[in-house]
Amino acid sequence: MRPISFSIEKEHPGSLARAGVLHTEHGDIKTPAFVAVGTKATVKGISSAQFSELGVQTIIANTYHLYLSPGEQTVEKAGGVGKFMGFSGPTMTDSGGFQVFSLGEGFGKKLSKFLPENASQEEGVSVYNEELATSHGKLAIVDEDGVSFTSHINGSLHRFTPERSIEIQHALGADIIFAFDECTSPAADYEYQKEAMDRTHRWAVRSLAAHRQNFEKNKQQGIYGIVQGGRFADLRIESAKTLANMDFDGYGIGGSFSKADILGILDTVDRELPKDKPRHLLGIGEPEDIFIGVAAGIDTFDCVLPTRNGRSGGIYTNNGKLLVENAEYKEDFSPLDTECDCSVCKQFSRAYIHHLFRSKEMLGPTLASMHNIYFLTHLVERIRASILDDNFEKFRDEFLGKYKR
RNA sequence: GCGUCGGUGGCAGAGUGGUCAAUUGCAAUUGGCUGUAAACCAAUCGCCCUUGCGGCUACGUAGGUUCGAAUCCUACCCGGCGCA
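Under the working numbering, the first residue of the first sequence carries the number 1, and numbering increases by one thereafter.
What follows is the structure, encoded as structure tokens:
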């Protein structure tokens, strides 16, 4: 008996969409589900005490960040990442594979996971820490055995291998851990993408072995393998097939996509993955993309956008996104989203939150993040309900019709 | 009243004869963010237009010197400080 198991409640006839329950030792996750990102054992700006009110069933923390601070041993002594942050529900940890990209090829550049539409890559350079960027160029260097990181905090040198990532994730103690992978730049060419994918497969074997070898942890934590292959459909399929043969407890789909064919790629990928195992789409979370993911059989999503946007006043509403800091909301005393039932919308106005942002009061980002998290978790909850009610497409079309007006 | 220092774009504050419509910060306006290097980043920020190494008006006010003035001179107005 594995520590996590997945049961499908309902499969949607017209697509790969399904509604299910992901069982863990810390509770069930009703899927599809939105996973709040809690990189450093905190969903930025939001207390774990608010999770249930916000519809947060589960969070995903980060191996690299918690390893650097406070150190995985501290988290282990605390009783694991969930207990450490005062959350009793299910948790996940990402392996640090994304940092191979964000501190490597992505460092100092304005690159997202998505390949821009008419992309000439490497355009704007926005350096957050110019000194670090110029002295190191990039902070992550990949080789066959693993990745060498220069800490973005103090420049110290660190080494991650698949075995080390798993060891740290054992200490962090989340219910679901991820194999150590290489998240490539969306700008990477086919040749490099294939090379990185093959390496990720070798690392997947090692990650899985490292986990299964640890008797104790193997009984407590489930492990997901991560499909790579970038924007190339044939690589994606190859990756999915390869990983499907490895008997992971679930599958993550990582890396970059081109906006145009994300649906097609996800759809074919998920057809290669075992149907009865949960699939997590890493780092994707715009409402449009979530519908696409669900239709392609994704069960869980995580994304920084609700909190990152929230921190700078970007608000999700049923009628699209708005920037609450904009002048037009100065005296708009309506709630952020008139159709939202969250505690923020019940109690506060756009004008007030606008004022908080203008005055640089920390409550502004907090309220905005709370609303956004609620918005996303409940959007996915509504999607789940629509699958159970057999009207997924209808709900999708209605929602997007309004949202994208 | 005398002396002295100073008056620059919404604010603060650079500039002290040409490449200055004027550095920089803040404010303002708008946009971006997809496994968090992010409470962040970017663009715009005198007026006009056919958006150009374009035209016009600008550095307290009015004159003057000069090929050329935010920068030099004179007078006046206003403010700080000192002395009466």
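In this text, a Cβ means the ideal position worked out from N, Cα and C, and glycines have one as well. Owing to the predicted nature of the structure, the values given are computational and were not obtained by experimental measurement.
The Cβ atoms of residue 225 and residue 248 sit closer than 8 Å to each other.
Scanning its chain for C-beta atoms nearer than 6 Å, with the 5 sequence neighbours on each side dropped, one finds around residue 23 the residues 5, in chain order. Secondary structure in the stretch 258-323: the beta strand (DSSP E) runs of 3 residues or longer, each lying completely within the stretch, are 279-281, 300-303, 314-317 and 320-323 in chain order.
In summary, residue 260 is exposed, with fewer than 16 beta-carbon neighbours lying within 10 Å of its beta-carbon over all protein chains present. Take residue 93, set aside five residues on each side of it, and the residues of its chain with a beta-carbon closer than 6 Å to its own are 61, 63, 169, 172, 174 and 177, in chain order. By the neighbour-count criterion, in which 16 or more other beta carbons inside 10 Å mark a residue as buried, residue 32 falls on the buried side. For residue 95, the three-state secondary structure derived from DSSP is coil. Contact check for residue 20 against residue 90 fails: the beta carbons are separated by 8 Å or more. Segment contact: the stretch 40-60 against the stretch 147-154, fewer than three CB-CB distances shorter than 8 Å; contact not assigned.
In this structure residue 51 touches residue 87 by the C-beta definition: roughly 6 Å separates them, less than 8 Å. For the set 199, 138, 254 and 76, the Cα lying nearest the Cα of residue 167 is the one of 76. With a cut-off of 8 Å on Cβ pairs, the stretch 278-286 is in contact with the stretch 295-302, counting three or more such pairs. For the 8 Å CB-CB criterion, residue 377 and residue 157 do not form a contact. For secondary structure counted as the alpha helix (DSSP H) over 4 or more consecutive residues, the stretch 2-55 holds these complete runs in sequence order: 51-54. Put simply, the backbone Cα of residue 325 is about 20 Å away from that of residue 286. The beta-carbon distance between residue 197 and residue 220, rounded to whole angstroms, is 30 Å. This is too long to meet the 8 Å contact definition. In this structure, DSSP gives residue 250 an extended state, which the three-state scheme calls strand. Annotation: the continuous alpha helix (DSSP H) that includes residue 371 extends over 363-388.
Contact check for residue 18 and residue 10: beta-carbon distance about 7 Å, within the 8 Å limit, so the pair qualifies. With a 10 Å radius around the Cβ and a threshold of 16 neighbouring Cβ atoms, residue 113 comes out buried. Annotation: residue 155 is outside any beta strand (DSSP E) and is labelled neither H nor E by DSSP. In this structure, the beta-carbon distance from residue 246 to residue 208 falls below 8 Å. Note: residue 115 is bridge-paired with 258 in the DSSP secondary-structure output. The criterion of a C-beta distance shorter than 8 Å is not satisfied by residue 301 and residue 37.
Per DSSP, residue 357 lies in no beta strand (DSSP E); the unbroken alpha helix (DSSP H) holding it starts and ends at 350-358. As the crow flies, the alpha-carbon of residue 232 is around 40 Å from that of residue 342. With contacts defined as CB atoms closer than 8 Å, residue 222 and residue 70 fail to qualify as a contacting pair. In the DSSP assignment, residue 67 falls within the alpha helix (DSSP H) that extends over 63-68. The DSSP-derived three-state label of residue 230 is coil. In this structure, DSSP gives residue 148 an extended state, which the three-state scheme calls strand. By DSSP's assignment, residue 178 forms a beta bridge with 224. Cβ-Cβ distances below 8 Å link residue 349 to 332, 333, 334 and 335 in the same chain, with the five nearest sequence neighbours on each side left out; the list follows chain order. Inter-residue distance for residue 203 and residue 142 is about 12 Å (C-alpha atoms, whole angstroms). In the DSSP annotation of this structure, residue 204 is not part of any beta strand (DSSP E); the continuous alpha helix (DSSP H) holding it starts and ends at 190-213. Within the same chain, 318 come within 7 Å of residue 339 by CB-CB distance, once the 5 residues on both sides are set aside. Distance from the CA of residue 400 to the CA of residue 366, rounded to the nearest whole angstrom, comes to 26 Å.
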